[in-house]
Amino acid sequence: AKREGRSIIKIFEPVMLYSRQLRSQMAAELRGAISSDELILHYQPVVELATNRILGVEVLVRWQHPLRGLIPPDTFIPLAEEIGVIHDLDRWVMSNSLRQLAEWRKDFALDDDFQLRVNLSAVELKQLDLVDHVRSLLRALHLPAHSLVIEITETAIVTRGEVEMYSLLSLQQLGVGIEIDDFGTGYSSISYLRELPVSMVKVDRSLLVELNTRTGQLEFVAAILQLIRAAGLEAVFEGIETREQADQLRALGCASGQGYYFSRPLPADDASALLATTRYL
Ligand code: C2E
Ligand code: CA
Ligand code: CA
Ligand code: CA
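According to the UniProt record's numbering, numbering within the sequence shown proceeds without interruption in unit steps and concludes at 509.
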């Protein structure tokens, strides 16, 4: 048993060392990534399911690393939270994507209700100056507050801290849309749907994955949709990958959604080209 134990250590130690080393190196690099313009923004259209009209876009950040290539957010957002860089990162994303929105509105005569959806980390809601920051950005760019929707994961809001509630209420008062993201993944209690100052719920894509394979999943999704509606909120589905899924959700009366079936997240240039030519997907 002893020999076995030692050989396990021998096998895993170099890997652990390597990844620990890589992590601390990446942490150092991430600190500099924002100032050296290595973060880039992709935009994924959100469509009205009844018409395929583009209602807006969700902004999704990527890290264009000079050596490692394009790094997806799932690998560096948790690291950014851990090393305290997430605040700068989220604000960088917010101001740059709002600037992009202002440009699009000017260049392509977008509908007044075209929405930019921005993901915010849970820690951002604890920042007392968040609301002022958002207000002054919108004002400087001459953007109506309703053109911004902030997406926050449910685990971030169910704790209901005082500052978090103040931030949500003030943003909502300002006219900014608030959406619970990844609904159906955390330890969610359904009562908070009626108590939190939110207006939209984005249902996690894991609920759609089994839509066409698991017995009863369509009924399950239908029930969730009804629950969200009964709470007076609007439901948005993410991760729509097939025409069948889009059809099924439309038949259930779901108003809007996004996913690879309609469009992958697009680099800014491609998103611009799309919005320049059409409002429909
Ligand atoms: P999320 O907010 O739940 O974003 C949806 C993710 O699903 C995105 O991954 C998107 O590219 C992907 N997706 C969209 N449609 C489909 C589909 O049809 N099929 C599949 N399989 N996937 C689809 P992405 O871009 O890798 O982002 C991952 C997560 O990183 C986001 O999850 C969000 O939590 C976080 N994130 C992204 N940008 C930011 C940001 O600016 N700030 C913060 N705090 N977090 C961000
Ligand atoms: Ca999101
Ligand atoms: Ca989500
Ligand atoms: Ca997510």
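No residue lacks a Cβ here, since even glycine has one placed at the ideal position from N, Cα and C.
Keep in mind it's a predicted model, so treat the numbers as computed, not measured.
Quick check on the burial criterion: 16 or more other C-beta atoms within 10 angstroms. Buried or exposed for residue i?
| i | result |
| --- | --- |
| Asp302 | exposed |
| Gly467 | buried |
| Glu390 | exposed |
| Thr279 | exposed |
| Gln253 | exposed |
| Lys430 | buried |
| Ser491 | buried |
| Glu423 | exposed |
| Glu310 | exposed |
| Ala458 | exposed |
CB residue i to CB residue j, shorter than 8 Å?
| i | j | result |
| --- | --- | --- |
| Tyr271 | Ala504 | no |
| Ser325 | Val351 | no |
| Gly485 | Glu469 | no |
| Leu353 | Ala483 | no |
| Val285 | Pro273 | yes |
| Leu283 | Val275 | yes |
| Gln328 | Gly405 | no |
| Arg433 | Leu402 | no |
| Met428 | Leu376 | no |
Ends of the alpha helix (DSSP H) at residue i?
| i | result |
| --- | --- |
| Val386 | Glu382 to Val386 |
| Val391 | Glu390 to Leu402 |
| Ile456 | Gln445 to Ala458 |
| Leu502 | Ala496 to Thr505 |
| Leu421 | Tyr420 to Glu423 |
What is the DSSP secondary structure of residue i, counted as helix, strand or coil?
| i | result |
| --- | --- |
| Ile408 | strand |
| Ser323 | helix |
| Phe240 | Its pLDDT being 46, under 50, Phe240 is placed unreliably in this model, and the coordinates cannot settle the point. |
| Ser484 | strand |
| Leu436 | helix |
| Gly260 | helix |
| Ser491 | coil |
| Leu267 | strand |
| Ile378 | strand |
| Phe336 | helix |
| Leu298 | strand |
| Ala278 | coil |
I'd like the span of the beta strand (DSSP E) that includes residue i, first residue to last.
| i | result |
| --- | --- |
| Arg478 | Not the beta strand (DSSP E): Arg478 falls in the alpha helix (DSSP H), residues Arg471 to Ala479. |
| Leu288 | Arg281 to His293 |
| Pro306 | Not the beta strand (DSSP E): Pro306 falls in the alpha helix (DSSP H), residues Pro301 to Glu310. |
| Arg363 | Careful: Arg363 lies outside any beta strand (DSSP E), inside the alpha helix (DSSP H) at Leu358 to Ala368. |
| Gln355 | Counting along the chain, Gln355 falls outside any beta strand (DSSP E), and DSSP gives it neither H nor E. |
| Leu344 | Gln343 to Asn347 |
| Glu466 | Glu466 -> no beta strand (DSSP E), and no H or E assigned at all. |
Beta carbon shell of ligand 2 at less than 6 Å from a heavy atom
Glu286, Asn347, Glu379 and Asp409
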